[in-house]
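From first to last, the protein sequence lines stand for chains A and B.
Residue 542 in full-length UniProt numbering sits at position 542 of the first sequence, and the numbers go up by one each step.
Residue 180 in full-length UniProt numbering sits at position 180 of the second sequence, and the numbers go up by one each step.
All C-beta atoms in this analysis are idealised placements derived from N, C-alpha and C, irrespective of residue type, glycine included.
Notes follow once the structure below has been shown.
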Amino acid sequence: MEEVDVEPAITNIPAASAGTHLGFAWGPGDILVYETLYKASGAIGSGCPCIHEVRKDEDIYSPILRKLFNESHHIFVGLQTIGEDLPSKNKKPQFVSISKNYRSVIRACMEELQQVVSILLAIELIWNLCEVLFIDAAPAGSLLLHLLDWVRLHKADVDEKAREVLQSESPAEHHDYWNVVVSYVLQGRLEEARQMLVKQATLQPAARSMYKLMDTLLSKMPFYNPGGTQTLTEFDVKWRHWHEEVDRCLQDNSFASNKHLEVICKILVGDEDTLLEHKDLLSTWYHFLVTRLLFCHPTVKPTELHYYAQSCLTMFLDSRSVPEPLDSILLAAFEFDIHQVIKDCSIALNNWWFVAHLTDLLDHCKLLQSHNLHFGSNLREFLLLEYASGLFTHHSLWQLAVDYFDHCPEFGRVYLELQIERVPLDTERKALKVLRICEQRQMSEQVRSICKIMAMRALRNNRLGSALSWSIRAKDAAFATLISEKFLQDYCARGTFSDLDLIDNLGPAMLLSDRLTFLGKYREFHKLYGEKRSGEAAKLLLSLMTAKIAPRSFWMTLLTDALPLLEQKEVIFSADQTHELMFCLEELTSLNTTDEDTELTKVELLRLALARNLARAIVKEGTVEA
Amino acid sequence: MFVARSIAADHKDLIHDVSYDFHGRRMATCSSDQSVKTHSGSVWRVTWAHPEFGQVLASCSFDRTAAVWEEIVGESNDKQRGLSHWIKRTTLVDSRTSVTDVKFAPKHMGLMLTTCSADGVVRIYEAPDVMNLSQWSLQHEISCKLSCSCISWNPSSSRAHPPMFAVGSDDSNVTYGGKVQIYEYNENTRKYAKAETLMTVTDAVHDIAFAPNLGRSFHVLAIATKDVRIFKLVPMRKESTSTGPTKFEVQIVAQFDNHNSQVWRVSWNITSTLLASSGDDGCVRLWKANYMDNWKCTGILKGDGSPLSGSSGQPTAMSTVVGSSVHTSQNALNGMSAGRYFFPPLDLPRAGTRYGHLLPPSSLIEHCDAEPIQPQQQPLPHRHSSRALLPLPEAEGQ
């Protein structure tokens with residue numbers, strides 16, 4: 001498929017002088033640009049260099065469009081889960097209903113947002129046409145009816161004008177009266193046209209027969225009824241009869257004396273020149289197209305549309321005006337060139353929202369594949385990835401993007417992995433939110449990384465408890481060891497533990513690292529001691545050393561902790577236990593060659609206490625209970 | 001695209017490099033201005049380590065050194081509690097010539113820093129203890145025979161891909177044809193060996209960048225030379241007996257000479273969907289591939305030559321900053337350039353500067369907070385054949 005080369009847009013950066021170089025750095029949703037000079041050392045630049053933040057003209061920062069994104073997200077997720085087992089025939093009404101949901105979301109946003117209304121109107125117009133032609137895929141007969149609805153929906157000023165006319169003193173004499181009548185006819189709203197004409201008829205009793213004739217013609221115009229028993233061919237025959245009757249009236253000059261009625265008659269017969277004379281009432285070429293089809297060829301087939309569309313466009317626009325982007329998009333739709341529609345929309349519209357969602361829906365309807373595009377699903381995924389990536393830069397919309405990535409089978413996961421680890425973890429709450437998303441998708445590396453980042457951040461801010469719980473969550477043994485060390489150092493320095501709650505409730509997480517286990521057990525010892533469960537405390541204390549859970553560096557502290565237990569009135573440590581303690585002390589002192597006074601005094605004190613305890617223990621164990 | 005805001009950088013001189021941190025919350029800038037002494041030569045590049053290692057920056061300079069900086073939260077006395085400042089943890093002085101680029105290796109390799117110098121040597125350092133950033137050991141010293149200008153690591157953490165980096169050279173020596181070399185780590189020899197030289201790149205290379213991997217089996221490398229080039233490196237299947245580096249099939253994916261001049265920088269966005277390049281023509285160009293894998297230019301950022309209006313008062317604020325933060329002892333550095341770092345007011349407000357601090361005083365921060373510089377609003381140039389859609393006539397009726 002040939003790609004039209006579109007010139008890239010140029011964005012001007014305010015710079016002190018042209019001719020310098022532009023340096024750049026990628027940001028999360030923007031690019032930083034600054035003046036520089038490559039390969040110049042010590043160059044004296046101008047006075048005040050500036051760094052400019054450049055962003056794409058995307059509208060995601062508008063709060064109203066955020067509502068659009070939020071609502072359409074629900075619809076998108078619902079669409080992905082429509083049962084695969086249903087045959088396509090049964091799914092069509094669901095797809096049409098989803099299409100209508102999207103459109104109602106667009107209309108809901110339109111009501112709130114004035115500036116962007118024109119773009120949204122265009123989007124809705126295009127989407128509506130795509131729904132009629134591609135999703136609903138109306139066959140000949142219904143096709144025209146749908147197109148009529150389409151035009152009526154997007155040309156609502158008729159009703160306003162009609163209201164104004166009807167509310168006036170004398171509607172039939174209002175300067176806009178005939179405009180309203182003709183507009184009704186152009187839109188095929190013949191019932192309303194008839195009601196309006198009645199008012200005129202009562203004012204002109206002399207021309208009553210003429211008005212009666214017109215009324216009859218209008219009432220007899222056949223409209224195809226898709227649900228009825230009449231076949232298309234039968235309808236066609238009936239329509240031709242009616243058409244001939246109208247033509248006869250024209251030839252008979254039945255309305256010659258009333259130029260307005262004559263005009264209406266000409267319209268009914270489908271006279272192109274008359275239609276073109278009312279460009280101002282039609283206002284668009286596609287209205288012209290539909291009206292022309294209504295009065296010339298109501299049984300138009302989908303495949304015939306493009307021929308009529310092209311010629312109507314040409315006829316409607318005078319030689320001076322250039323087709324607008326919207327025109328070429330609609331034309332491409334009439335030509336059933338879905339790919340071209342998507343491409344033109346991507347170029348003309350500023351964000352990916354529209355093309356991404358529409359293409360996704362069309363892909364679900366299996367329309368992209370049926371057009372023999374081998375890159376059908378790639379196109380859908382490409383657009384969804386673009387849209388979702390754009391959302392990711394927003395501080396709250398990024399969460400919507402996750403679902404979109406989930407439904408991109410080829411690259412969705414890796415895109416999500418790359419994007420989600422860049423989400424700034426401003427608060428613990430946000431970090432937990434990001435984590436939950438990663439955990440749900442078994443993105444274990446991202447989980448580990450986020451926990452590590454949070455742990456590191458907590459550690460740098462000296463919040464040891466937070467750091468510890470994050471490293472446990474990260475299953476990072478090395479870091480947990482490091483933090484446990486800090487806790488222990490803290491204890492040695494201050495004599496108390498911080499973050500007791502955390503350490504007390506470690507549970508099985510304690511086993512993550514040896515140091516952490518020791519920390520937990522050591523705290524347990526303190527608890528036991530505090531609860532006066534001296535026997536258990538003593539046992540635990542000893543086991544910490546003998547089972548080598550405690551680091552050697554901490555043994556002195558542990559032995560010092562044993563002192564109060566040794567000096568209790570009752571004997572707590574048994575003889576065997578005391579022996580073990582003595583052994584530990586000797587092991588410790590044989591390695592240490594410190595002659596610090598405090599150290600020596602402590603050792604002496606311990607030796608004394610241990611010896612005394614040993615004596616008492618031996619006596620106690622040797623005593624036969626009476 | 002449009003200029004969302006402009007931040008007055010706290011430099012008196014040319015900015016050489018700007019780097020966003022991993023989460024895009026802070027940026028570091030380096031320059032050749034005369035302010036607080038960090039390096040004693042122009043600082044060429046600055047780069048952030050992965051936040052798993054804390055807040056760590058590395059810089060490299062014309063003064064033949066690379067430096068590592070760490071942010072620590074002050075706790076020494078109550079006044080400093082909660083405030084943070086940056087301190088230089090180490091200076092790497094192994095190079096005999098200007099250090100032209102500094103990059104951290106992918107995080108799964110640990111905290112490893114790579115420098116390349118004008119004398120053609122690539123050095124890889126490792127910090128075995130992440131908590132002690134003053135200890136770095138030189139793990140590898142690789143001689144590339146050509147003066148090096150830039151280096152880029154392959155970010156892939158896939159087990160199928162051994163660690164790999166690319167080195168670019170701006171050497172004018174024509175004997176050695178290829179100016180881009182690819183080195184790969186060999187598990188057996190525990191060394192880096194040259195895997196590939198891109199012989200088709202014969203002009204000076206100024207910047208080089210591996211694209212994020214996206215789980216692909218092949219690698220994508222962008223090169224800034226006399227034009228922008230994108231290469232695809234497809235690893236060829238290794239026989240089980242082969243112990244040498246991987247052989248690659250090198251394909252050129254795209255080549256753009258739109259800059260019509262030397263291209264100085266190339267860089268990929270996070271998902272490798274956009275490549276940005278900056279050239280001698282004073283423009284930054286953005287390149288994108290469509291779903292058919294065809295690359296084309298999708299945007300141009302161009303200096304418009306208009307000086308910034310003085311109405312915002314920025315220049316005054318700037319000189320205040322320089323005045324208050326430069327101490328007389330530093331003024332002795334006449335003729336010497338120094339680097340300096342600036343953090344935009346996305347962070348917590350700081351109390352003020354002090355010697356060794358690398359932060360602007362609050363007066364400048366307030367100024368930045370209040371009103372970003374409003375450049376003259378240029379009308380956004382529209383694309384050639386796709387103007388914004390005209391309002392439909394129904395708009396009135398709605």
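Excluding the 5 residues flanking it on each side, B:GLN55 has same chain C-beta neighbours closer than 6 Å at GLU71, in chain order.
One Cα belongs to B:ASP21, the other to B:SER277, and the distance between them is close to 20 Å. Contact between the segment 280 to 292 of chain B and the segment 251 to 269 of chain B is present, with at least three C-beta pairs closer than 8 Å. Those residues of the segment 176 to 196 of chain A placed with their C-beta closer than 9 Å to a C-beta in chain B do not exist. Following the DSSP letters along the chain, one finds B:MET164 inside the beta strand (DSSP E) bounded by residues 164 to 169.
B:ILE223 carries a strand assignment under DSSP once its states are collapsed to helix, strand and coil. Below 8 Å, enough C-beta pairs join the segment 244 to 264 of chain A and the segment 174 to 182 of chain A to call them touching: three or more. Under a 10 Å Cβ-count criterion, B:MET199 is classified as exposed, with fewer than 16 other Cβ atoms of the shown protein chains found around its own Cβ. B:PRO106 has a beta carbon lying at 8 Å or more from every beta carbon in chain A.
Between B:ASP101 and chain A, the shortest Cβ-Cβ separation is not below 8 Å. When secondary structure is reduced to three states using DSSP, A:LEU250 falls in the helix class.
Note that the segment 53 to 67 of chain B touches the segment 108 to 120 of chain B; at least 3 beta-carbon pairs, one per stretch, sit closer than 8 Å.
CA-to-CA, the gap between A:ASN70 and A:MET510 works out to about 42 Å. Our two residues, A:ARG107 and A:LEU120, have alpha carbons roughly 8 Å apart in a direct line. For B:ARG265, the closest Cβ of chain A is nearer than 8 Å. Taken atom to atom, the span from the alpha-carbon of A:VAL571 to that of A:CYS451 is near 47 Å.
Among the residues of chain A, none has a CB under 7 Å from the CB of B:ALA49; the nearest is roughly 11 Å distant. 8 Å or more divides the Cβ of B:ARG26 from the Cβ of B:VAL102. Look at the segment 129 to 146 of chain A: it has no residue with a C-beta under 9 Å from a C-beta of chain B.
Rounded to whole angstroms, the Cβ separation of B:THR97 and B:ASP119 is 4 Å, and the two are in contact under 8 Å. Distance from the CA of B:GLY41 to the CA of B:LYS247, rounded to the nearest whole angstrom, comes to 40 Å. Approximately 17 Å separates the beta-carbon atoms of A:LEU383 and A:VAL402; this is outside 8 Å, ruling out the contact.
The segment 436 to 448 of chain A and the segment 385 to 397 of chain A do not touch, with fewer than 3 CB-CB distances between them shorter than 8 Å. Around B:PRO162, the same chain offers GLU184, TYR185 as residues with beta carbons nearer than 6 Å, after the five sequence neighbours per side are excluded.
In this structure, B:VAL266 lies near B:ALA222, with their beta-carbon atoms less than 8 Å apart.
Neighbours of A:MET443 in chain B, taken as residues at a C-beta separation under 8 Å, are lacking, since the least C-beta distance is about 13 Å.
Collapsing the DSSP output to three states places A:LEU397 in coil.
Between A:LYS602 and A:THR557, the gap from beta carbon to beta carbon reaches 8 Å or more. Taking the Cα positions, B:ALA195 is about 10 Å away from B:PRO235. Segment contact: the segment 286 to 295 of chain A against the segment 263 to 276 of chain A, three or more CB-CB distances shorter than 8 Å; contact assigned. Closest in alpha carbon position to B:LEU83, among A:ASN461, A:ILE329, A:ALA455, A:THR481, is A:ASN461. DSSP places A:GLN80 within a helical segment (H, G or I) once states are collapsed to three. In the same chain as A:LEU250, and ignoring 5 residues on each side of it, the C-beta atoms closer than 7 Å to its own belong to CYS265, LYS266, VAL269, in chain order. Distance from A:SER513 to A:SER484 at the Cβ level is roughly 7 Å; contact confirmed, criterion being Cβ atoms closer than 8 Å. The beta carbon of B:ASP171 sits no closer than 8 Å to any beta carbon of chain A.
Think of a sphere of 8 Å around the beta carbon of B:CYS297: the chain A residues whose beta carbon falls inside it are PRO8, in chain order.
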